[in-house]
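One structure is given here, and the rest of the page talks about it.
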Amino acid sequence: MIAEFYVPGASFLHRWDARAKLLFLPLVLAAFFVPSTPVVLLVLAAMIAALVAIALGPSQLLPPLKTLWPVLILITVLTPPFHLAGPALIRVGTVTLLTHEALATTLTLLARFLGITYGFFAVVRAMSLDDLVLGLRWFGLPYSACLVVTITLRTIPALALTWHAVRDAHRLRAGRGDRGRPPVVKTYLPVLTSVMIEAVKGIPVLAMALESRGFGRRNPRTSFSGLKEGSRLFVDAAGLAAAAVALLWPLVVRW
Amino acid sequence: MTHHDPLLAVQQLSFRYPLAAAAETAVGARGAAGAGRDRDGARGRARSGAGANRLVLDELSFSVRPATTAVILGRADAGKTTLARIIVGLVPRFTGGGIAGEVRLLGAPTRSVPPYDLVQAVGLVAQDSEEQLFTTRCDTEAAFALESLGMDPGLMRSRVAQSLERVGLGGFAHRNPATLSGGEKKRLLVACLLAVRPELWILDEALGELDHEWKARVLEIASESASATLLMESRWSSLVESRGTSFHLLDGGRIRADCAGAPDERLLWALDEAGIRPSFRGTPPRVSVDGALQVRGVRFRFPGERGFGLAVDHLDLGLGEVCALVGRNGSGKSTLARILCGLLRPQQGSICFSGAPGVRSPGVRSAGVRASEGRTATGWGSEGRAVENRAASPAELNARVGYLFQNPDHQIFLPTVREELALGLRGSGGSRTEVERRVSDAAELFDLADLDAPPALLSYGARRRLQAATYFLLERDLLILDEIDSGLSYGETVNLVDRLSSRVPGLVLITHDLALARSACHRVLVMDDGRLVRDGRASDLHWGAAGSGLTASRGEGAGASGEAEASGAAGRQGSS
């Protein structure tokens, strides 16, 4: 997935050290769950969206929205009816449609969804899978666990490719008289079954591939890629500290 | 170990898969044995012997000396891949099974050594490249084994860069291997070996998806980088003949014929009998069926792709002819095939069927077929009058043009052979008895004796036959076979083509093998950089001097013995 999301580039977000980016993610989560007001959370979400627009380009604001819009609509429509206590903002006859509390809750949820999504999007868009794994290893995750992450993230898009191939095969084998009726070849189940069989068959094959390339040896592994060191890392750490202050200022103000 | 000691010594090696996998090999063997109508069937019967109890390898012995290229030749089910996996330590470690005998590598027995400890001694490029690729970048793929060996990162980066450069993937370091073409994946696997530089290289059908130029270069790289090379091939070619220093025909789990140095008469005779060498039987007779698939002004480019674009201005694929489509890796053969069968929709141009009604489906054949634009072409309707053919919808192309994928596993997916064959017949209007009869007939014709066998456990050759049999039953007007010869012998491939052409009016073979094209096709189309650059008879084409690509040579008899591999830098030397 990350391999599919990642877009090579030279923005400051791309140049930011992988470890700083990995620390940035829990910071984003923390920022949107500290006690705060909806306005503050909306400002935070706007800041992160601005970060995406500046670093990756304004057009990159759209992909997350394309995925999120059904959820955002559901939140907007379904939250107010469950928060009808307190002073009403919109009332039709005796029916209360929107209260202060409902508006605050709706805006809070929208800000959280948008802010966290844009935060994660900014990171995965600007961090290659190799950097992710190197970063995780630096934080102490064992190599075998990192390999699991790598293979999992590679396998999911590979399964998507298999899905397309199997679906194409089903399309080509639909009989001439099949059109107009709901034949089994037009349903998802056979395709899904075929993809699952392919995936299961791939497990021992993958194990063979790994061992034939030396996975399992007792000697210490070295790493083809490396993380930054020296002054550049200091600058990135300072950037992370600035981001922490920017994201957690509501908490600081509260204290 | 002295210089004269063998690098690899296989002594009295026998191997039998455990129960489930035994069914796999047995099905293939029984299938071949069951038909018994043609020479393959007869040979299968002789070879399979005890059926399910057949040994995949039966007291096999041979050796590979330093500075040599040993060639193991054998049909699809001969046990080449099993042998390769035993040598590198993967079998029986991952499959189970009974093994006897000995494999000695660099003088030491390897039976109890795990594969990861053999990395520097032996390396394998497998037939199915997708099986061996698992990272997300070409450079990390090539570096993985070096990381396992604990190599210094600086040296590792240098090795990886050199290796990728050597196989022509220098600019692909950050590319995801999943997005490479079949030939490029094979080259990446060669780069992985090149980075590690093991003593013995095993190339298991590694040349299959490579064009002529890269086949030669890969063998050259192997001979320069390895102490010895073991080449597993299902087909004989001039390249194999010129590069090999010893030849072994693997059949029925044993070495049936072998020789060191130039191949002798006895070996060649055995290869001919096994269908490993191309037999020049003359171009098959053209079937008299009017009509053609017409391609006009087709333009296609993948979304976001700036480099490659397909452009075919005018192409008529006649029903009744067998046509070869050749070209170097990435020239656009598979893309054109996917457009012709409606899996890809061209941005411009039209595809339509024209001609008199066919033998089987007059009502359908008179209809035209539409691509994306509304261009029209004139053809002949079912009453023999001219009709205005409309361009085809993708669904119509799906229903009239079949396409056998390179990877059979993406096309066969049901629990049994019977269900697989019957799938396309459902909804065709036939009774259950009629469907059963047609399934049985097809299974017999394609040597698939066990209808209740799970396709996933069939051998590679049997899966290919099953894949072909499904389309045989679907009765498409045109069938495109994408590198169906990959991993199959000449005899197996020609048999499949013959069986399919007995039912399907038009066949298109995508291949890198000019010898096969000469043997099985009336016409050859050559693609280069997304364009059709040559259209002529297979017998008029042959390989020119190194790097000069395909050339036309009328009347020079280019066919008989020489260039077995086709495709490449074609079409830059005039037209045929």
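Chain order of the listed sequences is A and B. Residue numbering for the first sequence follows our numbering, beginning at 1 and increasing consecutively. Residue numbering for the second sequence follows our numbering, beginning at 1001 and increasing consecutively. Virtual Cβ for every residue (Gly too), placed ideally from N, Cα, C.
- Listed along the chain, the chain B residues whose CB falls inside 7 Å of the CB of R173(A) are L1423, G1424, T1470, L1474.
- Note on geometry: alpha-carbon atoms of A1216(B) and A10(A) lie some 40 Å from one another.
- Under the Cβ distance rule, S194(A) counts among the residues neighbouring chain B, one pair being separated by less than 8 Å.
- S1237(B) is not bridged by DSSP to any residue.
- T1069(B) has T1229(B) as its beta-bridge partners, per DSSP.
- Proximity of T162(A) to chain B, defined by a Cβ-Cβ separation below 8 Å, is satisfied.
- When only Cα atoms are considered, T1470(B) and E1273(B) end up about 28 Å apart.
- CA-CA distance, L97(A) to G1307(B), rounds to 56 Å.
- By the rule that beta-carbons nearer than 8 Å mark a contact, V1295(B) does not touch chain A.
- For M1156(B), the chain A residues whose Cβ falls inside 8 Å of its Cβ are T222, F224, in order along the chain.
- Taking 8 Å as the cut-off, the beta carbon of L25(A) is found closer than this to the beta carbon of V123(A).
- Between L1507(B) and V1494(B), the gap from beta carbon to beta carbon reaches 8 Å or more.
- Within a 10 Å sphere around the beta-carbon of H1314(B) sit fewer than 16 other beta-carbons, which makes this residue exposed.
- When only Cα atoms are considered, G216(A) and Y1116(B) end up about 6 Å apart.
- Residue burial annotation: V245(A) is exposed, with fewer than 16 other C-beta atoms found within 10 angstroms of its C-beta.
- Annotation: M1156(B) is outside any beta strand (DSSP E); the continuous alpha helix (DSSP H) that includes it extends over 1153-1166.
- The beta carbon of L23(A) sits closer than 7 Å to those of L240, all from its chain and outside the five residues before and after it, given in chain order.
- For D1258(B), the three-state secondary structure derived from DSSP is strand.
- Against chain B, the beta carbon of M208(A) has neighbours under 7 Å at L1090, F1094, listed in chain order.
- Per the DSSP secondary-structure output, L1496(B) pairs with nothing in a beta bridge.
- Judged by DSSP secondary structure, F1353(B) falls within the beta strand (DSSP E) whose first and last residues are 1348-1354.
- Proximity to M1151(B) across A1195(B), G1123(B), L1189(B) peaks at A1195(B), based on C-alpha coordinates.
- CA-CA distance, V95(A) to I75(A), rounds to 20 Å.
- The bridge partners DSSP lists for Q1294(B) are D1316(B), C1352(B).
- Under the 8 Å Cβ criterion, the region 65-84 of chain A counts as touching the region 97-112 of chain A, having at least three qualifying pairs.
- Just measuring C-alpha positions, the residue of L72(A), G202(A), A46(A), E211(A) sitting nearest S144(A) is E211(A).
- In this structure, N1329(B) lies away from E1205(B), with their beta-carbon atoms at least 8 Å apart.
- For Y1403(B), the enclosing beta strand (DSSP E) has its first and last residue at 1401-1404.
- Each residue's CA atom was taken as its position, placing S1350(B) and G57(A) some 38 Å apart.
- Across the structure, T1135(B) and V28(A) are spaced so that their CA atoms are roughly 29 Å apart.
- When rounded, the separation of the alpha-carbon atoms in L62(A) and K21(A) is 22 Å.
- Ranking P8(A), L103(A), G119(A) by CA distance to the CA of A85(A) puts L103(A) first.
- Counting only residues of its own chain and dropping the five nearest sequence neighbours on each side, V191(A) has a CB closer than 7 Å to the CB of W163, V166, R167, H170.
- Across the region 1326-1355 of chain B, CB contacts with chain A closer than 7 Å involve C1341, L1343, in sequence order along the chain.
- DSSP places E1059(B) in the uninterrupted beta strand (DSSP E) bounded by 1057-1064.
- Distances from the CA of Q1406(B) to each of F1172(B), F1247(B), Q1467(B) were compared; the closest alpha carbon is that of Q1467(B).
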